[in-house]
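**Student:** My questions all concern the structure below.
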Amino acid sequence: GDSVTQMEGPVTLSEEAFLTINCTYTATGYPSLFWYVQYPGEGLQLLLKATKADDKGSNKGFEATYRKETTSFHLEKGSVQVSDSAVYFCALRSSTLGRLYFGRGTQLTVWP
Amino acid sequence: GAVVSQHPSWVICKSGTSVKIECRSLDFQATTMFWYRQFPKQSLMLMATSNEGSKATYEQGVEKDKFLINHASLTLSTLTVTSAHPEDSSFYICSARDFSGTYNEQFFGPGTRLTVL
Numbered sequence: 109g110d111s112v113t114q115m116e117g118p119v120t121l122s123e124e125a126f127l128t129i130n131c132t133y134t135a136t137g138y139p140s141l142f143w144y145v146q147y148p149g150e151g152l153q154l155l156l157k158a159t160k161a162d163d164k165g166s167n168k169g170f171e172a173t174y175r176k177e178t179t180s181f182h183l184e185k186g187s188v189q190v191s192d193s194a195v196y197f198c199a200l201r202s203s204t205l206g207r208l209y210f211g212r213g214t215q216l217t218v219w220p
Numbered sequence: 003g004a005v006v007s008q009h010p011s012w013v014i015c016k017s018g019t020s021v022k023i024e025c026r027s028l029d030f031q032a033t034t035m036f037w038y039r040q041f042p043k044q045s046l047m048l049m050a051t052s053n054e055g056s057k058a059t060y061e062q063g064v065e066k067d068k069f070l071i072n073h074a075s076l077t078l079s080t081l082t083v084t085s086a087h088p089e090d091s092s093f094y095i096c097s098a099r100d101f102s103g104t105y106n107e108q109f110f111g112p113g114t115r116l117t118v119l
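Next comes the structure, spelled out in structure tokens:
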């Protein structure tokens, strides 16, 4: 079945460091891929998405490219800030069923 | 983007009582709503999917008699945890999607923290 495997955390970085959170997926058909962010005590917010192969989603300095050949959707940011501290979830939406499948989440902590 | 609200944001109840959580789509009509449960440091587990005016579809392993879901209107869904026990303590998150309108996307509520004593 469809699934998402996400790099386990926690990830701890200093401010302005480079961030990569790995995400790979298994799916039939052509899923859409998402990154969601959850700040402490809050629900999920959509960070970025890509709906087809080679699409690059970007928002707030974060980027992820839909790589069909490697079934990956790694999240990157060139220079993280303290305010980026949160839990990041990779997810896919099955093209057939429409439901979201989430990875386990990666806790990111950025120190000043 | 669209806004989904949840009420209450947190609730503490005694074991054996029932608790109702409301989920509202504030500026769009949600043809489909989803209820998730999130355990500490774990991912979201989909509990059920509900379409307005019809019975909810529960995921395998989720007790439909314990977690009652009602999606009576296009802007409101409720989750009632019946005869709650300490093991039901969790963070419950709803999500709403408008498949046919402006927002062909899924939006999440801020979550409800349930603690059963």
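Residue numbers (our numbering), protein chains in the order written: chain L, 109 to 220; chain X, 3 to 119. Where is the CB? At the ideal position from N, CA and C, for every residue including glycine. Fair warning: this is a prediction, and the values are worked out from it, not measured in the lab.
Just checking: is the beta-carbon of G149(L) within a distance shorter than 9 Å of some beta-carbon in chain X?
**Tutor:** yes
**Student:** Could you give the uninterrupted runs of the beta strand (DSSP E) lying entirely in the stretch 118-195 of chain L, keeping only those of 3 residues or more?
**Tutor:** Complete beta strand (DSSP E) runs here, min 3: 119-122, 127-129, 131-134, 140-146, 152-158, 164-167, 170-173 and 183-185.
**Student:** For L76(X), list the residues DSSP reports as bridge partners.
**Tutor:** Its beta-bridge partners do not exist; DSSP assigns none.
**Student:** In chain order, what residues of the same chain have a beta carbon less than 6 Å from the beta carbon of P112(X), not counting five sequence neighbours either side?
**Tutor:** Here P112(X) has Q8 as same chain residues with Cβ atoms under 6 Å from its own Cβ, once five neighbours each way along the sequence are excluded.
**Student:** Using DSSP with H/G/I as helix, E/B as strand and the rest coil, what is E54(X)?
**Tutor:** coil
**Student:** Rounded to whole angstroms, what's the CA-CA distance from S180(L) to K43(X)? Just pull it up for me.
**Tutor:** Looking at the two C-alpha atoms, the distance is approximately 23 Å.
**Student:** Can you name the residues of chain X whose CB is closer than 7 Å to the CB of R175(L)?
**Tutor:** Those within 7 Å of R175(L) in chain X number zero; the least Cβ separation is about 22 Å.
**Student:** What is the DSSP secondary structure of E116(L), counted as helix, strand or coil?
**Tutor:** Looking at E116(L) - three-state DSSP - the assignment turns out to be coil, as it is neither helix nor strand.
**Student:** I'd like to know if L154(L) contacts chain X, where contact means its C-beta is closer than 9 Å to some C-beta of that chain.
**Tutor:** By this cut-off, L154(L) is an interface position.
**Student:** Name the chain L residues that come within less than 8 Å of G63(X), Cβ to Cβ?
**Tutor:** Below the 8 Å Cβ cutoff, chain L contributes no neighbours of G63(X), its closest Cβ being approximately 15 Å away.
**Student:** Go ahead and pull the three-state DSSP assignment for E24(X).
**Tutor:** strand
**Student:** Any idea which residues DSSP pairs Q108(X) with across the strands?
**Tutor:** R99(X).
**Student:** If you measure beta-carbon to beta-carbon, which residues of the stretch 34-55 of chain X are closer than 9 Å to chain L?
**Tutor:** T34, F36, Y38, Q40, K43, Q44, S45, L46, M47, L48 and T51
**Student:** At which residues does the beta strand (DSSP E) containing F36(X) begin and terminate?
**Tutor:** T34 to Q40
**Student:** Measuring only the C-alpha atoms, how far is L183(L) from E171(L)?
**Tutor:** 6 Å
**Student:** Any heavy atom of the ligand COA closer than 8 Å to the CB of S85(X)?
**Tutor:** This structure lacks the ligand COA; in fact it carries no ligand of any kind.
**Student:** Please tell me whether Q189(L) has its Cβ less than 9 Å away from any Cβ of chain X.
**Tutor:** Look at Q189(L): its C-beta is not under 9 Å from any C-beta on chain X.
**Student:** Buried or exposed, going by whether 16 or more other CB atoms sit within 10 Å of the CB of S79(X)?
**Tutor:** buried
**Student:** Between F197(L) and L46(X), is the Cβ-Cβ spacing less than 9 Å?
**Tutor:** By the CB criterion at 9 Å, F197(L) and L46(X) fall inside the cutoff.
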